[in-house]
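*Asks:* If you're matching positions, the sequence shown starts at 0 in numbering that gives the first Met the number 0 and goes up one per residue.
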Amino acid sequence: MFNLILFGPPGSGKGTQSDSIVEKYGLVHLSTGNLLREEIAQKTPLGLEAKSFMDKGQLVPDEVVIGMVDSYFDKHKDAKGFLFDGFPRTVAQAVALDNLLDLKKTSINTVLALDVSEEELVKRLLNRGKTSGRSDDTNEEVIRKRFAVYSKETTPVAKHYKAENKFISIKGEGAVEEIFESISGEVDKLI
Ligand code: B4P
Numbered sequence: 000m001f002n003l004i005l006f007g008p009p010g011s012g013k014g015t016q017s018d019s020i021v022e023k024y025g026l027v028h029l030s031t032g033n034l035l036r037e038e039i040a041q042k043t044p045l046g047l048e049a050k051s052f053m054d055k056g057q058l059v060p061d062e063v064v065i066g067m068v069d070s071y072f073d074k075h076k077d078a079k080g081f082l083f084d085g086f087p088r089t090v091a092q093a094v095a096l097d098n099l100l101d102l103k104k105t106s107i108n109t110v111l112a113l114d115v116s117e118e119e120l121v122k123r124l125l126n127r128g129k130t131s132g133r134s135d136d137t138n139e140e141v142i143r144k145r146f147a148v149y150s151k152e153t154t155p156v157a158k159h160y161k162a163e164n165k166f167i168s169i170k171g172e173g174a175v176e177e178i179f180e181s182i183s184g185e186v187d188k189l190i
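(1) Within a Cβ cutoff of 8 Å, which residues of the same chain sit near residue 157, ignoring the five residues on either side of it in sequence?
(2) Quick one: measure Cβ to Cβ for residue 82 and residue 17, integer angstroms, because I've assumed they're closer than 8 Å.
(3) So within the region 58-120, which uninterrupted beta strand (DSSP E) runs reach at least 3 residues, ignoring any that extend past its ends?
(4) With which residues is residue 5 paired in a DSSP beta bridge?
(5) Have a look at residue 115 and residue 10 and give me their C-alpha separation to the nearest angstrom.
(6) Determine the direct distance from the alpha carbon of residue 143 to that of residue 149, and round the result to whole angstroms.
(7) Is there contact here, the region 19-32 with the region 52-68, by at least three beta-carbon pairs under 8 Å?
(8) Let me know the secondary structure DSSP gives residue 169 once reduced to three states.
(9) I want to check one thing, is the minimum distance from the CB of residue 52 to the heavy atoms of the ligand B4P below 7 Å?
(10) Whole angstroms are fine: how far does the CA of residue 108 sit from the CA of residue 155?
(11) Beta strand (DSSP E) containing residue 30: first to last residue?
(12) Using the beta-carbon count (16 or more within 10 Å), is residue 59 buried or exposed?
(13) Pair every Cβ in the region 122-137 with every Cβ in the region 177-188, then say whether three or more of these pairs are closer than 8 Å.
(14) Looking at the structure shown, is residue 178 part of a helix, part of a strand, or coil, going by DSSP?
(15) Which two residues bound the contiguous alpha helix (DSSP H) that contains residue 49?
(16) For residue 27, collect the residues of the same chain with a Cβ closer than 6 Å to its Cβ; drop the 5 residues on either side in sequence, then sort them by chain order.
(17) Kindly give me the distance between the Cβ atoms of residue 12 and residue 128, rounded to whole angstroms, as I take these residues to be in contact under 8 Å.
(18) Using the three-state DSSP reduction, which class does residue 147 fall into: helix, strand or coil?
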């Protein structure tokens, strides 16, 4: 199996690049953001709980997200690899992911981190908020809160993978196609 984490702050282009990566490499796309939004759309109890956190720019509790990832694995037993997008977002999630992959006798091959300045990120998210209908993208205060949460809870995840020599930084500003070429260059060296 080939397992890739696409890492980076909100709006860094994880969702955008994921579509091209899964198409080129035949990986199964696991976006916890998308899975949570599907739960919200279906008004499930999990979705209702998640919405209250997401609307405030907070992370959804670890146990909720980890349970959701575990059942996603159950539904994709034949996957030849996964692209993790927006997960793990805390060290507890990273440890849980290591354990779940261990059970499948596999592990993370690499973490590609999209590097984008905060001003560019705010611009992108406010812009997306005009059309996406995502309540967490329309309010600059909520967007800034998401960055603060990222800095406190998610940046330590980078350390977790740097310690294993699996962390690669990629310039995430510029044309979408150029960024995808940089990503492909790194994946091609490993796959
Ligand atoms: P996510 O769905 O993961 O969303 P995101 O971080 O906002 O977006 P992403 O980085 O994918 O941005 P995109 O490519 O779309 O999370 C949403 C919320 O869900 C979180 O805040 C949290 O509450 C909850 N959640 C999710 N996972 C969780 C977890 N594991 N644990 C706990 N809670 C969790 O790009 C953004 C915009 O930029 C788009 O409009 C795009 O068109 C544009 N763009 C992309 N690339 C560009 C480029 N190169 N140039 C210009 N614009 C670009």
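Ideal placement from N, C-alpha and C gives every residue a C-beta, glycine not left out.
*Replies:* Reading it off the structure:
(1) Numbered from 1 along the sequence shown, position 158 holds the residue referred to as residue 157. Once the five neighbours on either side are set aside, the close Cβ partners of residue 157 are 6, 110, 112, 166.
(2) Walking along the sequence shown from the start, residue 82 turns up at place 83. Walking along the sequence shown from the start, residue 17 turns up at place 18. With a beta-carbon spacing of about 6 Å, residue 82 and residue 17 fall inside the 8 Å limit used to define contacts.
(3) If we require 3 residues or more, the beta strand (DSSP E) runs fully inside the region 58-120 come out as 81-84, 109-114.
(4) On the sequence shown, residue 5 is found 6 positions in, with the first residue counted as 1. DSSP, once it has assigned bridges, lists 84, 111 as partnering residue 5.
(5) The residue given as residue 115 occupies position 116 in the sequence shown. The residue given as residue 10 occupies position 11 in the sequence shown. The straight-line gap from Cα to Cα measures roughly 9 Å.
(6) To locate residue 149, count along the sequence shown from 1; it is residue 150. To locate residue 143, count along the sequence shown from 1; it is residue 144. Their Cα atoms are separated by approximately 10 Å.
(7) Judged by Cβ distances under 8 Å, the region 19-32 makes contact with the region 52-68, as three or more pairs qualify.
(8) Here residue 169 corresponds to residue number 170 of the sequence shown, with the count starting at 1. Here residue 169 sits in strand by DSSP.
(9) To locate residue 52, count along the sequence shown from 1; it is residue 53. Because some heavy atom of the ligand B4P lies under 7 Å away, the Cβ of residue 52 counts as near it: yes.
(10) Taking the sequence shown and counting its residues from 1, the one referred to as residue 155 is at position 156. Taking the sequence shown and counting its residues from 1, the one referred to as residue 108 is at position 109. The alpha-carbon atoms of residue 155 and residue 108 are separated by roughly 19 Å.
(11) Residue mapping note: residue 30 aligns to position 31 of the sequence shown, counting from 1. According to the DSSP assignment, residue 30 belongs to the beta strand (DSSP E) that extends over 27-30.
(12) On the sequence shown, residue 59 is found 60 positions in, with the first residue counted as 1. When all chains shown are included, residue 59 counts as buried.
(13) Taking 8 Å as the limit for Cβ pairs, the verdict is that the region 177-188 does not touch the region 122-137.
(14) The residue labelled residue 178 in the question sits at position 179 within the sequence shown. Three-state result, residue 178: helix.
(15) As a working note, residue 49 is residue 50 in the sequence shown. It spans 44-53 - the alpha helix (DSSP H) in which residue 49 sits, taken as one unbroken run.
(16) Taking the sequence shown and counting its residues from 1, the one referred to as residue 27 is at position 28. Closer than 6 Å at Cβ, skipping near neighbours: 75, 78, 81.
(17) Taking the first residue of the sequence shown as 1, we reach residue 12 at position 13. Taking the first residue of the sequence shown as 1, we reach residue 128 at position 129. Between residue 128 and residue 12 the Cβ distance is about 16 Å, and since that is not below 8 Å, they are no contact.
(18) Along the sequence shown, one-based indexing puts residue 147 at 148. In this structure, DSSP gives residue 147 a helical state, which the three-state scheme calls helix.
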